[in-house]
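Colleague: Below is the structure I would like to discuss, written out as structure tokens.
Numbering (this note's numbering), first residue to last: 27 to 357.
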């Protein structure tokens, strides 16, 4: 794929994100037109529309952009490092591990919410290393990795449910966290997690050449002089940081990291790894913004949790990939 076409696709991805953002800001239980917004801003931002926009919709938009970009990049990195097109933070249990660490932090240190991104990172890192270790001992096939992830994810989810039972008062609002969404997101949470996400994506872009070499397979990467264990561990740490930061304010959102990288690879066949990662971030952000808009408007004034809507889209996509992998093995 030549540079001109790559730049064109990336520009189209950025335009799609901007259009999705405008749609997200304007639609909802209270539709807001641009003229209403401009009039409210001229009045000092005291109008109802301005307050809805600045206090509710802008934080939600920023949260959807950050979480979508983080989870999509995580999925792309995992699928490359683990050589498995079915890998994603949700499917192999990284999100659930980060979520369990978050819930533990809330239960044991209820007034130290600033520690949530760190707790999510440690939980996600522990989970991805655990799943990878189990899969290697069991044969390291693609299906083994997925089954290991499902088992560990179920264990982590059971831990979350146990803590919900033991600490009912502290975790009474955990429903939104478990289903995933942005209804209660705050700017302070984004100020804590945002730098982690932006720094993590930048780090992946900086090491895109090494990720490209890893995509050639372990033996080829070793023959080219790449220290495979070190870089594999580095990328798993970055995945844990990105997914953990997203989970800390968005809850358990699955399938974003599965769907988006496949769409990007279809749009950008032959593009370099750095361009693919950039497109993953842009399309992941646009995808989650559109999902959040749909979740707020489909049943207005009631709101459907974003995670439920994504599951309706993600499960058929996952099954299609799974059966495609089976056909490849039989062929």
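Each residue gets a CB set at the ideal place from its N, CA and C atoms; glycine is no exception.
What is the DSSP secondary structure of residue 186, counted as helix, strand or coil?
Modeller: helix
Colleague: How about residue 340 and residue 268: do their beta carbons lie closer than 8 Å?
Modeller: no
Colleague: Confirm, please, whether the CB-CB distance from residue 99 to residue 238 is below 8 Å.
Modeller: no
Colleague: Quick check on DSSP: helix, strand or coil for residue 233?
Modeller: coil
Colleague: Hey, is the segment 145-160 in contact with the segment 257-276, meaning 3+ C-beta pairs nearer than 8 Å?
Modeller: yes
Colleague: What residues in its chain sit with their C-beta under 8 Å from that of residue 91, if we drop five residues either side in the sequence?
Modeller: 43, 47, 311, 314, 315
Colleague: State the start and end residues of the unbroken alpha helix (DSSP H) segment that holds residue 117.
Modeller: Run containing residue 117: none; DSSP gives neither H nor E here.
Colleague: How long is the line joining the alpha carbons of residue 29 and residue 303, rounded to whole angstroms?
Modeller: 15 Å
Colleague: How is the alpha helix (DSSP H) around residue 59 delimited, first residue to last?
Modeller: Here residue 59 belongs to no alpha helix (DSSP H), and DSSP marks it neither H nor E.
Colleague: Is there contact between the segment 274-282 and the segment 107-124, where contact requires at least three CB pairs shorter than 8 Å?
Modeller: yes
Colleague: If I measure Cβ to Cβ from residue 317 and keep anything under 6 Å in the same chain, skipping five residues before and after, which residues do I get?
Modeller: 332, 335, 336
Colleague: Identify which residue in 231, 209, 263, 125 has its Cα closest to the Cα of residue 188.
Modeller: Scanning 231, 209, 263, 125 for the CA closest to the CA of residue 188 turns up 125.
Colleague: Taking C-alpha atoms, which residue in 338, 293, 343, 322 lies nearest to residue 37?
Modeller: 293
Colleague: Short of 8 Å in beta carbon distance, which residues of its chain neighbour residue 202, apart from the five on each side in sequence? Order them along the chain.
Modeller: For residue 202, the CB contacts under 8 Å within the same chain, skipping 5 residues up- and downstream, are 209, 210, 277, 331 in chain order.
Colleague: Assuming residue 325 is part of the alpha helix (DSSP H), what are its boundary residues?
Modeller: No alpha helix (DSSP H) holds residue 325; DSSP gives it neither H nor E.
Colleague: In angstroms with no decimal places, state the Cα-to-Cα distance between residue 162 and residue 171.
Modeller: In a straight line, the C-alpha of residue 162 is about 8 Å away from that of residue 171.
Colleague: Out of 298, 34, 89, 74, state which residue places its alpha-carbon closest to the alpha-carbon of residue 50.
Modeller: The alpha carbon of residue 50 has as its nearest neighbour, out of 298, 34, 89, 74, the alpha carbon of 89.
Colleague: Take residue 324 and list the residues in its own chain whose beta-carbon comes closer than 7 Å to its own, dropping the five residues that flank it on each side.
Modeller: 330
Colleague: With DSSP collapsed to three states, give me the class of residue 281.
Modeller: Judged by DSSP in its simplified three-state form, residue 281 adopts coil rather than helix or strand.
Colleague: Should the segment 121-141 be regarded as contacting the segment 173-187, the criterion being three or more beta carbon pairs within less than 8 Å?
Modeller: Output reads yes: the segment 173-187 touches the segment 121-141.
Colleague: Flag this pair as yes or no: are the beta carbons of residue 107 and residue 261 separated by less than 8 Å?
Modeller: Yes, the pair counts as a contact, with Cβ atoms nearer than the cut-off.
Colleague: Within a Cβ cutoff of 6 Å, which residues of the same chain sit near residue 343, ignoring the five residues on either side of it in sequence?
Modeller: If you ignore the 5 residues before and after residue 343, its C-beta comes within less than 6 Å of the C-beta of 285, all in its own chain and listed in chain order.
Colleague: Would you kindly check if the distance between the Cβ of residue 56 and the Cβ of residue 230 is under 8 Å?
Modeller: no
Colleague: On the CB-based measure, 16 or more other CB atoms within 10 Å of its CB, does residue 34 come out buried or exposed?
Modeller: Per the 10 Å Cβ criterion, exposed.
Colleague: Pull up the distance between the alpha-carbon of residue 145 and that of residue 300, whole angstroms please.
Modeller: 29 Å
Colleague: Helix, strand or coil for residue 28 per DSSP?
Modeller: Three-state result, residue 28: coil.
Colleague: Within 10 Å of its beta-carbon, does residue 248 have 16 or more other beta-carbons around it, so buried, or fewer, so exposed?
Modeller: exposed
Colleague: Under a Cβ-count criterion, where at least 16 other Cβ atoms within 10 Å of its own Cβ denotes burial, should residue 158 be classed as buried or exposed?
Modeller: buried
Colleague: Return the CA-CA distance between residue 132 and residue 176, expressed in angstroms with no decimal places.
Modeller: 25 Å
Colleague: Please classify residue 59: is it buried, with 16 or more other beta-carbons within 10 angstroms of its beta-carbon, or exposed?
Modeller: exposed
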